[in-house]
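Novice: Got a structure for you, written out below as structure tokens; questions coming shortly.
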Amino acid sequence: MNNAELIITLTLIKGLGRKTINKIIRQGVLNSLETSETIDYLNNINLKIKGIITKDELKYANEVAKRTIEICDREDIKISTLLDEDFPQKLKNIDDNPVIIYSKGDYNNLNDKGVAIIGSRNPSLHGVNVSYKISSILSQKNYTIVSGLANGCDTFAHLGSLDTYGKTIAVMPCGLDIVYPNNNCDLFKRIINNNGCVISEYPPSQTVSKYRLIERDRLQSALSEGIIVIETTENGGSLHTVNYAFDQNKIVSCYKHNKNYSNLKTVKGNIKLLQNDEVIPIYDTKSLNEFLKKVDNFYKYQNTNQKLQIHENTQQIKFKFLN
């Protein structure tokens, strides 16, 4: 059994979340277990599991996993798991890390020096222009632009990169056979066809939910060394990404509008964020360059630490099923 089949099978078993699967992988216990022993192990590893896991449930999960892999092969979707050598170190490094990701496009972008450009789905015209311009500038400086394909600031962040022949990553809150929002289908395809990448931790046919929209924000931050908030309301979804960025010790910045825009609802969140001394205000070329210096230093620091790290043994687990 390959890594993808194993990990997808585990994700389909009721009661096994990412944290438990991470624990299973890191303990490496499944290497030496027969199927009956495996079932006992899974039934006892997490006290939060309600009920017991049966052989039939395990077999059914494996059958669904195989069908999922067939769909991904047909749709040209790459599957990467925590057990694979090419799984991005940036995603391994965070708390509550994904155990599997699905991608289309240039997978190597996930290791690039990235900046997340995020913001309101209903920005001002000025916010749209700022998102596009900053993305264009950063792309020409060889930063990979990370965003979420949402309407508004995200859309123009992706476009600013594409129009300057840069690289951009879209992190999706659903399976990659679904485009959300649907009106960005052409943008989705353009990213894939122009050396960009779209990724998700959800398998094909998995639909969008409020919870998944928030979950994907941690991956936007994880794939970036720094983030730039263009515009946000006081309770905007962008603040989830900001909170993840602080938790992950990323460089956080926010566009500082001039006084002419201070009464806009989509700027109120910016004003609040900029009251935090840890948030870098961006308002001109000099301030943007200061932010980028910090991003560069963080990227160098991360790469140095990764080379010095002693990686855990994540050899392929042998997982047996009864016929």
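Residues 779 to 1101, numbered by my numbering, are exactly what the sequence shown covers, in order. The beta-carbon is built from N, C-alpha and C at its ideal position, and this holds for glycine as well.
(1) I'd like the span of the beta strand (DSSP E) that includes SER858, first residue to last.
(2) With DSSP collapsed to three states, give me the class of LEU825.
(3) Where in the stretch 932-997 do unbroken runs of the beta strand (DSSP E), each at least 3 residues long, occur, reported from the N-terminal end onward?
(4) Bridge partners of THR922, per DSSP?
(5) Under the assumption that ILE785 contacts VAL877 (Cβ atoms under 8 angstroms), give the Cβ distance between them as a whole number of angstroms.
(6) Using 8 angstroms as the Cβ pair cut-off and three pairs as the minimum, do the stretch 1040-1051 and the stretch 893-903 touch?
(7) Let me make sure I understand the geometry here. Which of LEU860, GLU853 and TYR910 has the alpha-carbon closest to that of GLU1009?
(8) Which residue or residues does DSSP assign as beta-bridge partners of TYR1022?
(9) Look at GLN918 and GLY892 and say whether their C-beta atoms are less than 8 angstroms apart.
(10) CA-CA distance, LYS797 and ARG804?
(11) Ends of the alpha helix (DSSP H) at VAL842?
(12) Which same chain residues, not among the five before or five after SER914, have their C-beta less than 6 angstroms away from its C-beta?
(13) Measure the beta-carbon distance from GLY974 to ASP884 and round it to whole angstroms, keeping in mind my assumption that it falls under 8 angstroms.
(14) Based on the DSSP secondary-structure assignment, which residues constitute the bridge partners of PRO876?
(15) State the beta-bridge partners of VAL1007 as determined by DSSP.
(16) Using 8 angstroms for Cβ pairs, my map puts SER858 next to ILE872. What's the rounded Cβ distance?
(17) Would you mind working out which of THR985, GLN867, LYS967 and SER925 sits nearest THR1082, comparing C-alpha positions?
(18) Alpha carbon to alpha carbon, how far is ASN960 from GLU1068? Give it in angstroms, no decimals.
(19) State the Cα-Cα distance for the pair LEU825 and LYS837, rounded to the nearest angstrom.
(20) Note down the Cα distance separating HIS936 from VAL906, rounded to an integer number of angstroms.
(21) What does the alpha-carbon distance come out to for the pair PRO1059 and SER1065?
(22) Expressed to the nearest angstrom, what Euclidean distance is found between the alpha-carbon atoms of ILE1016 and SER999?
(23) Considering only C-alpha positions, which residue in the set LEU927, LEU869 and VAL1073 is nearest to SER1031?
(24) Does DSSP put SER902 in a helix, a strand or coil?
(25) Please report the residue range of the alpha helix (DSSP H) in which ILE791 lies.
(26) Sort ASP890, ILE791 and ASP874 by Cα distance to THR832 and report the nearest one.
(27) Assign SER1040 to one of three DSSP states: helix, strand, or coil.
(28) Can you tell which of TYR1077, GLU841, VAL986 and ASN972 has its C-alpha closest to the C-alpha of ALA928?
(29) ASP1062 to ILE912, Cα distance in whole Å?
(30) SER999 by DSSP, collapsed to three states: which one?
(31) Can you pull the DSSP bridge partners for SER881?
Specialist: Walking through what the data contain:
(1) 856-859
(2) Since pLDDT at LEU825 reaches only 44, below the 50 mark, its modelled position is unreliable, and the value read off the structure follows with that caveat. LEU825: coil per DSSP, three-state reduction.
(3) 946-949 and 975-978
(4) GLY892
(5) 6 angstroms
(6) yes
(7) TYR910
(8) In DSSP, TYR1022 forms no bridge with anything.
(9) no
(10) 11 angstroms
(11) 833-852
(12) GLY938 and THR942
(13) 7 angstroms
(14) Looking at the DSSP assignment, PRO876 forms no beta bridge with any residue, so it has no partner.
(15) ILE896 and CYS1032
(16) The Cβ separation is near 15 angstroms, so there is no contact.
(17) GLN867
(18) 37 angstroms
(19) The predicted model places LEU825 with a pLDDT of 44, which falls under 50 and marks its position as unreliable, so this point remains unresolved.
(20) 11 angstroms
(21) 7 angstroms
(22) Checking the sequence shown, residue 1016 turns out to be Ser, not Ile. Their backbone Cα atoms lie some 11 angstroms apart in a straight line.
(23) VAL1073
(24) coil
(25) That residue, ILE791, is in no alpha helix (DSSP H); it is neither H nor E in DSSP.
(26) ILE791
(27) coil
(28) VAL986
(29) 10 angstroms
(30) helix
(31) LYS856 and ILE977
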